[in-house]
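Engineer:
Number of protein chains: 2
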Amino acid sequence: MKIISRRKFLNNSSKASLAGTAIFAVNNSVTKQMKNIFIHHVYFWLKDSSSQTDMDKLVAGLTKLSKVKTIQQFHIGKPANTKRDVIDSSYAVSWMLIFDSEADQASYQTDPVHLTFIEDCSQLWSKVIVYDAVDAEK
Amino acid sequence: MKIISRRKFLNNSSKASLAGTAIFAVNNSVTKQMKNIFIHHVYFWLKDSSSQTDMDKLVAGLTKLSKVKTIQQFHIGKPANTKRDVIDSSYAVSWMLIFDSEADQASYQTDPVHLTFIEDCSQLWSKVIVYDAVDAEK
Numbered sequence: 143m144k145i146i147s148r149r150k151f152l153n154n155s156s157k158a159s160l161a162g163t164a165i166f167a168v169n170n171s172v173t174k175q176m177k178n179i180f181i182h183h184v185y186f187w188l189k190d191s192s193s194q195t196d197m198d199k200l201v202a203g204l205t206k207l208s209k210v211k212t213i214q215q216f217h218i219g220k221p222a223n224t225k226r227d228v229i230d231s232s233y234a235v236s237w238m239l240i241f242d243s244e245a246d247q248a249s250y251q252t253d254p255v256h257l258t259f260i261e262d263c264s265q266l267w268s269k270v271i272v273y274d275a276v277d278a279e280k
Numbered sequence: 143m144k145i146i147s148r149r150k151f152l153n154n155s156s157k158a159s160l161a162g163t164a165i166f167a168v169n170n171s172v173t174k175q176m177k178n179i180f181i182h183h184v185y186f187w188l189k190d191s192s193s194q195t196d197m198d199k200l201v202a203g204l205t206k207l208s209k210v211k212t213i214q215q216f217h218i219g220k221p222a223n224t225k226r227d228v229i230d231s232s233y234a235v236s237w238m239l240i241f242d243s244e245a246d247q248a249s250y251q252t253d254p255v256h257l258t259f260i261e262d263c264s265q266l267w268s269k270v271i272v273y274d275a276v277d278a279e280k
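Chain order of the listed sequences is L and B.
Under our numbering, residue 280 is the last one in the first sequence; the count climbs by one each step, no gaps.
Under our numbering, residue 280 is the last one in the second sequence; the count climbs by one each step, no gaps.
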């Protein structure tokens, strides 16, 4: 074991803190481009598109579903007010999940929390479209 | 000025490091749910879906487009290998953008970098679907 003086230990310790801060800042900038992720984006159309109650039930269900451990980040959305020919704003709820890998997404599909969600909420929707995406360039 | 012993300073210093780690971990957990964002998710279908060259051109165009300053985070994707009835994997490129607000997304639409992208790349695609989403609950 190498013996270092207390002063040296203190110096090293404060350098380590600075280095940690710097790494964090660099990561923040780098992460503008999301990489090495699996995006699972689901759009739900409700059977009764006018029902705020059904929308609330679905959002509550998704909030519970978000507890699945392999989910790295998620967003529960609704259509924005934007209108253009290419925009599909006919859906009721957007459910965007970020996983670390395809394997994590696969395990989410069979997670008991997911199966409970389907049991509790599937009667609410008439249509679902899923887009799964991985990095275009590896 | 309160004088503390070196040992106490060391103890405090290591507690500070631990506290820093804990805060970081808590933040990580909080940011699992993305909130107060505007998701602009675009799916492109190529005129020539078999052309790797056209796909590469589009990805290169989007990489340039990602320089628009109001973009907070972005992902350039392609279909994952998942296959289920509800999954649409017929698109060529997924372009997912996160903005801070609807206003930022609106300014992106008319940003000169965006207009150049459309001029350079719009001949590549046959179809585009856009889903814009804001938080379901504010």
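Cβ coordinates follow ideal geometry from the N, Cα and C atoms, glycine included.
(1) 9 Å is my cut-off, CB to CB: does Glu-261(L) come that close to chain B?
(2) Are there any heavy atoms of the ligand NAD lying less than 8 Å away from the beta-carbon of Lys-269(L), as far as the coordinates show?
(3) Measuring only the C-alpha atoms, how far is Leu-257(L) from Gly-219(L)?
(4) Along the chain, where does the beta strand (DSSP E) containing Met-238(L) start, and where does it finish?
(5) On a Cα-Cα basis, can you pick out the residue from Gln-214(L), His-183(L) and Asn-178(L) that is closest to Asp-230(B)?
(6) Please name the residues in the stretch 220 to 232 of chain B whose beta-carbon is closer than 8 Å to at least one beta-carbon of chain L, in chain order.
(7) Applying the 10 Å Cβ sphere with the 16-neighbour rule, what's the burial state of Asp-190(L)?
(8) According to DSSP, is Lys-284(L) part of a helix, a strand, or is it coil?
(9) Please state the DSSP three-state secondary structure of Lys-177(L).
(10) Would you kindly check if the distance between the Cβ of Ile-213(L) and the Cβ of Tyr-273(L) is under 9 Å?
(11) Can you find a C-beta in chain B that's less than 9 Å from the C-beta of Asp-277(L)?
(12) Please classify Ile-260(B) as buried or exposed, where buried requires at least 16 other C-beta atoms within 10 Å of its C-beta.
(13) Would you please verify whether the beta carbon of Ser-192(L) is less than 9 Å from any beta carbon of chain B?
(14) Cα separation between Ala-245(B) and Phe-180(B)?
(15) Under 9 Å between C-beta atoms, does Gln-215(B) make it to chain L?
(16) Measure the Cβ-Cβ separation of Gln-215(L) and Gln-175(B) and say whether it is below 9 Å.
(17) Note down the Cα distance separating Asp-253(L) from Ser-208(L), rounded to an integer number of angstroms.
(18) May I have the straight-line CA-CA distance separating Ala-278(B) from Asp-198(L), to the nearest angstrom?
(19) Say whether chain B places a C-beta atom closer than 9 Å to the C-beta of Ile-146(L).
Structural biologist: Straight from the coordinates:
(1) no
(2) Among the ligands in the structure shown, none appear at all, so the ligand NAD cannot be discussed.
(3) 21 Å
(4) 235 to 241
(5) His-183(L)
(6) Lys-220, Pro-221, Ala-222, Asn-223, Thr-224, Arg-226, Val-228, Ile-229, Asp-230 and Ser-231
(7) exposed
(8) Residue coverage of chain L in this structure runs from 143 to 280, which leaves residue 284(L) outside it and unanswerable.
(9) coil
(10) no
(11) yes
(12) exposed
(13) no
(14) 9 Å
(15) yes
(16) yes
(17) 11 Å
(18) 9 Å
(19) Here Ile-146(L) scores only 44 on pLDDT, less than 50, and its place in the model is too uncertain to base an answer on.
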